[in-house]
Amino acid sequence: MNNGRVSLKKVVKRHGAFTALHGIDLDIEPGEFFALLGPSGSGKTTTLRIVAGLEEASEGSVFLDGTDITNTEPGDRDVAMVFQSYALYPHMNVYQNIAFPMRMVGMPKSDIDMAVLDAAKKVHIEHLLDRKPGQLSGGQQQRCALARAIVRQPRLFLLDEPLSNLDAKLRLETRGELKKLQRSLGVTTIYVTHDQEEAMTIADRMAVFMDGQIVQVGSPKFVFDNPATADVANFIGSPPMNLMPAVYRDGVVRIGTHELQTSCRIAGERNVIAGIRPSSVRLGPSGIPARIDLIENLGDALLVDLKLDDMMIRARTGAELTSREGESVFFSAEPAHVHLFDTESRVRING
Amino acid sequence: MRRSGIASAVLIGVAGVFLTLWTFPVLWALLTSFKSERDVLAYPPTLFFTPTLGNYRDVLFGATTILPNLISSFIVATFTTILTMLLAIPAAYALARLNLPGKRAGGFYILATQMLPPVGLIIPYFLFLQKIGWLDSYKGMTLIYLTFSLPFAIWLLVSYFEDIPREMEEAALIDRAGRMRAFLYVVLPQVRGGIAVTVIFVFLNAWNEFLFAVVLGGNNVRQVTVAMFNFISVEQTLWAKLAAAAIVTMAPVILLGLFAQRHIVKGLTVGAVKGGGRR
Amino acid sequence: MQTPVAARERRFAIYLFLPAFLVLLITTTVPLIYLAWTSVNRVDLTSPWITGFAGADNYSKMLGDPRFWNSLELTVIYTGTTVVLQMLIGLGLALLVMQIPRGQGILRVAAIIPIVLAPVVVGLFWRTLVLAPDFGVLDFVMRALGLGSHDWLGDPNLALASVIVIHTWQWTPFAFLVILASLSSLPPDIFEAARIDRASGVQRFWYITLPLIRPALVIVVIMRMMVALSAFAAIFAATGGGPGSATEILNLYTYRTSFTELNFGYGAALAMVLLAVTLMVSYSMFRLRTAR
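Residue numbers (numbering that gives the first Met the number 0), protein chains in the order written: chain C, 0 to 350; chain L, 0 to 278; chain P, 0 to 291.
Printed below as a string of structure tokens:
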């Protein structure tokens, strides 16, 4: 069965005394667009390179469609990769770059020709075939790298932050095209990024990496709605979730001197970290009083900075707001939107 | 990259072979220079013997002293270096950065002069210097040494000048420095490193020169490369003294090379990889 | 349309360039003309009364001079062999050293040593300490290996090979250092991409490494050829051109003719031929560089 099912089992990576990966377990379904998300240095790129075979795991195994490929050469794994720097061969033109992987395995010229044209058309660079990488714009280079990857019809695509070198507008456009392309090709794709918005919009499922470990796996929506730790909650979402130290007792959480209802049904009292997403903050006539510090107008929404005691809380609301900077308002949130995390372990409290 | 232990061992072995190959002659000469003439002739060659400084004494202070020759070499090399740099630095700057009329032809000319075989040029040099009485003189020798040091220095310096960002000079001009002052106070300090490397190379080449030294010199100007042959005659070779003389002659150059090694490698490769490759 | 500023810059440039240019004119172009003139004259210091225009006599003499043809042949063999050896060994060693990053530093330092030595000293080193029969290190090693003693520089059959070895020993480190620098400047990610693109080690070398270091290789070949064509001091010190004419490459023949036999006219003609050969070689090499 050759449909691109990936499994990582207890993968560890050490550099001398430093451990980059602390035992990664991951299962990726065939045809999935799977994102590896995390801040710099969290181990996501290392994981990708281990799947590619460019780096060796210190411990653990990698499986592709049930076969152990932990010790297989990159060229024999039937995977294709798009590098962050694109890694185009500077002395070859676009056609030769795309044709390269086919030449390496001795494909006949006519077949190569068809395959190259086909791949080039899919990414709309068929008119650039005799240019050299140095003569292409950033976006065109990226497409060329993409074409070189898809021409081989591999079992697995590995993309290492392929959009990070593009300007913002191009990034958005290309993002959508990438998603459509993957859907039409149906190839399992592993996508590394540090941009959580990118992962949210493009991935079917994702794994959040922090400090060399996977802290949560799930669909973007699930992770967004149920972050497994306060750090994940802080990382996902823009602006990030507001995290406030609070005291929980029997379903109610007290922030400073004010109380909010939660949907948690656990009995008892404990110190917690309360988390409310800016988009869940409701400004209105009742709730917790705070002072408006700053209003940023995004056009179709407002970002409001609220000051409560010595804490800063950000809210994101629709464009209607009668209060001004310096004035006091009340804010609240739906009980279901108040997330609770253990103060020490920072792990989510569910109940 | 995964590599077997055997492959690693082979790689290190080969590297070791070349390490030995390249350093061996100098080390062996060094060893020989401390042997007495009798020990030197011992066969098989000995590694253990009573070292003596006698050879160095003879070679530096004794009857077979090469000290005057060292001085000769030093004078010629120094004058050559100074003159070369005085001429080459402005010329290289003009070629690299300024709107010199006929720049391409000029650059090509400089390159072409490096193609002339020295053996060809010494004939006219010899005949000419003989005619004006400049044979066996420092001024004659230095002038002729410029033949090979000047084009080389210009070629090297051009690549260093090209490396400086243009904004430097433009900023200086906007600050009303005038071209000459911009050159002296803004541009030159930037190529300090390149100038140092060029000085090393020019001095080295002048110190090591043989053909011009032997043909155009005489009793007055007799450089150390020529004096080496003092120790070889039809009857005998004074092995140990020759070794000592060679060590004395080459020591400054080797020390200079080791000391400035990184810069020398950069200098060699700058011209070759960068300047030469992409034009 | 020339603004006064531009004109000032041009003048400034000329002032800076002129002194060096004039010196070079005097030290290279004028002597060249003089050399050409001498080559069509009779200038023989052993018979100083015979002077006068000789026309193409010196040149026609050359055509029938077996020693000349010998020297030409030796030059071709010498230059060709040493440059090929230098490139092969230099490239091989550089590729190898790229695999052992820790060995690079010390090998780079060691590589400097042969390059900074005076060629005349190198020739003497090899002549005495290494290759001398009954004395030199190589002799000792050969005898220990049971391969007998040989007169490396005195035997006409071995002398040419020996001087080629000497030249190669001195200048391979140069090729090594330049090629190593070029290899080091290649971005590593394209090699990773090639590995993923199913290229084997040999394929990566052939399709990626080689084309990308080609400019450096060509430059090195050109420079090494120029040096080999004008190599004098080491051979002079090692064999003086002998035994007989066994190592008498063209520039040594020119030297001997001019300064040992004092026939400057003929020597000048030989030098002109050497110049022509050098120019031809460098021209074709430069064409190679800009090809494709």
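Ideal Cβ placement from N, Cα and C applies to all residues, glycine included.
Predicted model only: the values in this text are computed from it and were never measured.
Could you tell me whether the Cβ of residue i comes closer than 8 Å to any Cβ of chain P?
i	result
G133 (chain C)	no
P24 (chain L)	yes
W133 (chain L)	no
S163 (chain C)	no
Y124 (chain L)	yes
G275 (chain L)	Any reading at G275 (chain L) needs caution, since the residue's pLDDT is 36, under 50, leaving its predicted position unreliable; the model's value is listed next. Closer than 8 Å: yes.
L128 (chain C)	no
H90 (chain C)	yes
V247 (chain L)	no
Y92 (chain L)	yes
G286 (chain C)	no
W154 (chain L)	no
F160 (chain L)	no
I65 (chain L)	no
Which whole-angstrom value is the C-beta distance of residue i and residue j, which I expect to be below 8 Å?
i	j	result
S148 (chain L)	T83 (chain L)	5 Å
I275 (chain C)	V222 (chain C)	Not a contact, Cβ separation roughly 17 Å.
R197 (chain P)	P100 (chain C)	6 Å
L155 (chain L)	G266 (chain L)	6 Å
V246 (chain C)	D159 (chain C)	No, V246 (chain C) and D159 (chain C) are not in contact; Cβ-Cβ is about 44 Å, not under 8 Å.
K240 (chain L)	V25 (chain L)	That belief does not hold up - the Cβ atoms of K240 (chain L) and V25 (chain L) are roughly 17 Å apart, past 8 Å.
G37 (chain C)	H193 (chain C)	7 Å
L351 (chain C)	D292 (chain C)	Residue numbering for chain C in the displayed model covers 0 to 350; residue 351 (chain C) lies beyond these limits and cannot be assessed.
I153 (chain L)	I199 (chain L)	I153 (chain L) to I199 (chain L), Cβ: 16 Å. No contact.
L339 (chain C)	V191 (chain C)	Between V191 (chain C) and L339 (chain C) the Cβ distance is about 31 Å, and since that is not below 8 Å, they are no contact.
Near residue i, which residues of its chain fall below 7 Å by C-beta distance, leaving aside the five closest residues on each side in sequence?
i	result
V220 (chain P)	V82, M86 and M284
T168 (chain P)	What sits at residue 168 (chain P) in the sequence shown is Trp, not Thr. Contacts found: P113.
V351 (chain C)	In the structure as shown, chain C starts at 0 and stops at 350, and residue 351 (chain C) therefore has no counterpart that could be examined.
Q103 (chain P)	V96
Once you ignore the five residues that flank residue i on each side, which residues in its own chain have a CB closer than 6 Å to its CB?
i	result
S38 (chain P)	N57, A267, A268 and M271
V119 (chain P)	A232 and A236
I253 (chain L)	none
F32 (chain C)	Q181, T188, A202 and D203
S331 (chain C)	R281 and G286
P172 (chain P)	A110, P113 and I114
If distances are taken between C-alpha atoms only, which option among the options comes closest to residue i?
i	options	result
S161 (chain P)	P:L211, P:L137, P:T26 and P:T253	P:L137
V346 (chain C)	C:T228, C:S322, C:I265 and C:S278	C:T228
T238 (chain P)	P:L152, P:I32 and P:A109	P:L152
F234 (chain C)	C:G3, C:S39 and C:L25	C:S39
A232 (chain P)	L:Y124, L:F151 and L:V118	L:V118
D162 (chain L)	L:P188, L:I74, L:L215 and L:L18	L:P188
T236 (chain L)	P:A19, P:G135 and P:S59	P:G135
E268 (chain C)	C:D249, C:T256 and C:S262	C:D249
A55 (chain P)	P:W68, P:A35, P:M225 and P:A193	P:A35
P244 (chain C)	C:S237, C:G236 and C:H257	C:H257
S327 (chain C)	C:T316, C:D309, C:N349 and C:R290	C:R290
Measure from the C-beta of residue i to each C-beta in chain L and report whether the shortest distance is under 8 Å.
i	result
E260 (chain P)	no
F16 (chain P)	yes
M279 (chain P)	no
P30 (chain P)	yes
I189 (chain P)	no
Q202 (chain P)	no
I207 (chain P)	no
Please confirm if residue i has its CB atom under 8 Å from at least one CB of chain C.
i	result
D154 (chain P)	no
Q85 (chain P)	no
I195 (chain P)	yes
A215 (chain P)	no
P100 (chain P)	no
Grab me the residues of residue i's own chain with a C-beta within less than 8 Å of its C-beta, minus the 5 sequence neighbours each way, in chain order.
i	result
G30 (chain C)	N2, G3, G185, V186 and T187
V18 (chain C)	Contrary to the premise, residue 18 (chain C) reads as Thr rather than Val in this sequence. These residues qualify, in order along the chain: V11, K12 and G211.
G138 (chain C)	L165, L169 and T173
Which runs of the beta strand (DSSP E) at least 3 residues long sit entirely within the segment 218-264 of chain C? Give them in chain order. 241-248, 251-254 and 257-260
Unbroken alpha helix (DSSP H) runs of length 4 or more, entirely within the segment 88-173 of chain P: which are they? 100-115, 118-124 and 136-143
At what residue ranges does the segment 99-153 of chain L contain a whole run of the beta strand (DSSP E), taking only runs of 3 or more? none
Completely contained beta strand (DSSP E) runs for the segment 92-178 of chain C, where each covers 3 or more residues: 155-159
As an exercise, report each continuous alpha helix (DSSP H) stretch of at least 4 residues that is fully enclosed by the segment 227-264 of chain L, in chain order. Listed in chain order, they are 238-258.
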